[in-house]
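Going by the working numbering, the residue at position 128 of the sequence shown is 132; the numbering climbs one at a time, nothing skipped.
One structure is given here, and the rest of the page talks about it.
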Amino acid sequence: MSNQKALIESIRRKEFGIGADLEGEAKEIVDNMVRKYRNLLSTVAEDLNSKDTHFLLELIQNADDNSYKKGVIPSLSLEMNDEYLTVKNNEIGFQEKNIRALCSAGESSKKEEKFKGYIGEKGIGFKSIFKVTNEPEIYSNGYQFK
């Protein structure tokens, strides 16, 4: 199993209990926590992102905050058809800290690096995508998940 896939599987099991061997009260507790986590994120995202199109600003902001190879001119493309929106960016790609932050809330990988000029830091901006899809797909630096 690749390091990228192993990290995703670890997050699924240890952060969300998906695929973990849980029984009885332990399963009930995890299910309750997941439900509360989803409800909280939904409420916060709704309050912060009152417009349905706000997710586009978050995607652009994320591209602005990304890391690029030296000498590379950053680019961002948005392609839309009847079924999906594809967002492409020529960044260096996700690292483990980015994956962990994306799969969490309030744990932005940008908090410690705000002095570098990063815009986002609250760890919920990307979650605004859930206003328009239940299954965003990520493909970056060998990571593939939804």
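Think of the CB as a built atom: it goes at the ideal place given N, C-alpha and C, for glycine as much as any other residue.
Quick caveat: nothing in here was measured; it's all calculated off a predicted structure.
Residues near residue i by beta carbon distance below 6 Å, same chain, minus five either side
i     : result
Ala67 : Leu80, Asn93
Contacts around residue i, its chain only, beta-carbon distance under 8 Å, and the 5 residues preceding and following it disregarded
i      : result
Phe119 : In this prediction, Phe119 has a pLDDT of 47, which is less than 50 and means its spatial position is unreliable; what the coordinates show is noted afterwards. Nothing meets the Cβ criterion.
Asp35  : Gly21
Member of the options whose CA lies at the smallest distance from the CA of residue i
i      : options                      : result
Glu19  : Ile103, Tyr147, Gly28, Tyr72 : Ile103
Lys135 : Glu13, Asp56, Glu29          : Asp56
Lys2   : Ala105, Ile96, Ile33         : Since the first and last residues shown for the chain are 5 and 150, residue 2 lies out of range.
Helix, strand or coil at residue i according to DSSP, with G and I counted as helix
i      : result
Phe59  : helix
Thr137 : coil
Gln99  : coil
Lys71  : The question names Lys, yet the displayed sequence has Ser at residue 71. In the structure shown, Ser71 sits in coil (DSSP, three-state: anything other than H, G, I, E or B).
Val91  : strand
Leu82  : strand
Ile22  : coil
Ser1   : Outside the displayed range of the chain (5 to 150) lies residue 1, so it cannot be described from this structure.
Ile77  : coil
Ser144 : strand
7 Å CB neighbourhood of residue i in its chain, flanking five on each side removed
i      : result
Pro140 : Ile133, Lys150
Leu82  : Leu89, Val91
Leu11  : Glu100, Ile103
Distance CB(residue i)-CB(residue j) smaller than 8 Å
i      : j    : result
Tyr147 : Gln8 : yes
Open item on the list: Taking contact to mean 3 or more Cβ pairs, one atom from each stretch, closer than 8 Å, check whether the stretch 29–49 and the stretch 60–68 are in contact.
Closed with: In short, these stretches do not touch, since the Cβ pair count stays below three.
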